[in-house]
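Colleague:
Numbering (our numbering), first residue to last: 25 to 310.
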């Protein structure tokens, strides 16, 4: 088993199909995260493994943990009311209050004190709404009223009147006929590409620097028999060359990022729209 596993993982590494997660410690910020100094070099290079950051012991013993902050606030409040004896009772460790820590726990508790704040420009919470007080309050209120999550997939029974209300509101905001919500952007791209590609004789034209979700959707469609053409990045002449060469009766589906996430440049949407009109193609923009 070990030999087979090492061999298989080695093959995945060679084909660059392995991706390492980069765990951080929770932090209420739209552009920051916490990480232990000991893990910073490994984290930045994307190399596994990160034994310190993934440890719950390190996080729970951190001064940034909510329970620690709440304890500090409680102690401060007690002290400010002048109840010295209560304050001392709350803050002075009592014998037998907690079990003794073994060496492993002591190591992580000591490590947790050396946390570093990282500025993360790769987060998706551009406007900081995830930590906005009104948004947090609304989410807490919704959880208290309706419970946590829809408890089912959207197709089986997880779509509620609240989802439809949100979809209708977004459609009105964007001036469109309707709106369909997906749980993630990745699911949206793979679903849209595969669905549109299944409607008759379709050929997909995909920019070579499109997001991985578009690439995966296009690959899934191609395995089902849809023709897939990858055009050079933002090369409109190459797009037109492919369109001209498509068999008669084929509907072209041009798929592109609007802002390419890896390079930061924009798609030439005006040129793509003109080609769409000229050749009767579909244009899907992420």
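C-beta: ideal position from N, C-alpha, C; glycine also. Owing to the predicted nature of the structure, the values given are computational and were not obtained by experimental measurement.
Could you spell out the range, first to last residue, of the beta strand (DSSP E) harbouring residue 204?
Modeller: No beta strand (DSSP E) contains residue 204, which DSSP labels as neither H nor E.
Colleague: Which whole-angstrom value is the C-beta distance of residue 55 and residue 151, which I expect to be below 8 Å?
Modeller: Incorrect: roughly 11 Å between the Cβ atoms, too far for contact.
Colleague: In or out: residue 230 buried (at least 16 other Cβ within 10 Å) or exposed?
Modeller: That one is buried.
Colleague: What's the C-alpha gap between residue 304 and residue 294?
Modeller: One C-alpha to the other measures close to 15 Å.
Colleague: If you draw a straight line from the alpha carbon of residue 36 to that of residue 30, how long is it in whole angstroms?
Modeller: If you take the alpha carbons of residue 36 and residue 30, they lie about 10 Å apart.
Colleague: Counting C-beta neighbours from all protein chains within 10 Å, is the total for residue 128 16 or more, i.e. buried, or is it exposed?
Modeller: Residue confidence is low: residue 128 scores 45 on pLDDT, short of 50, so the model does not pin down where it sits. No coordinate-derived value is stated.
Colleague: Taking residue 255 as part of the beta strand (DSSP E), name the residues at either end of that continuous run.
Modeller: It spans 251 to 255 - the beta strand (DSSP E) in which residue 255 sits, taken as one unbroken run.
Colleague: So, residue 264 versus residue 220, is the Cβ gap smaller than 9 Å?
Modeller: No, Cβ-Cβ distance for residue 264 and residue 220 is not below 9 Å.
Colleague: Of all the options 196, 208 and 250, which has the alpha carbon lying nearest to the alpha carbon of residue 222?
Modeller: Closest option to residue 222, Cα to Cα, is 250.
Colleague: Please tell me whether residue 197 and residue 218 are closer than 9 Å, where the distance is taken between their beta carbons.
Modeller: Contact flag unset, no.
Colleague: From 209, 177 and 192, pick the residue whose C-alpha is nearest to that of residue 203; which is it?
Modeller: The option with the nearest alpha carbon to residue 203 is 192.
Colleague: Under 9 Å, do residue 280 and residue 310 count as touching if we go by C-beta distance?
Modeller: Their beta carbons are under 9 Å apart, which means residue 280 touches residue 310 by this criterion.
Colleague: Does DSSP put residue 121 in a helix, in a strand, or in coil?
Modeller: Confidence is the limiting factor: at residue 121 the pLDDT is only 42, short of 50, which leaves the residue's position unreliable and the question unanswerable from this model.
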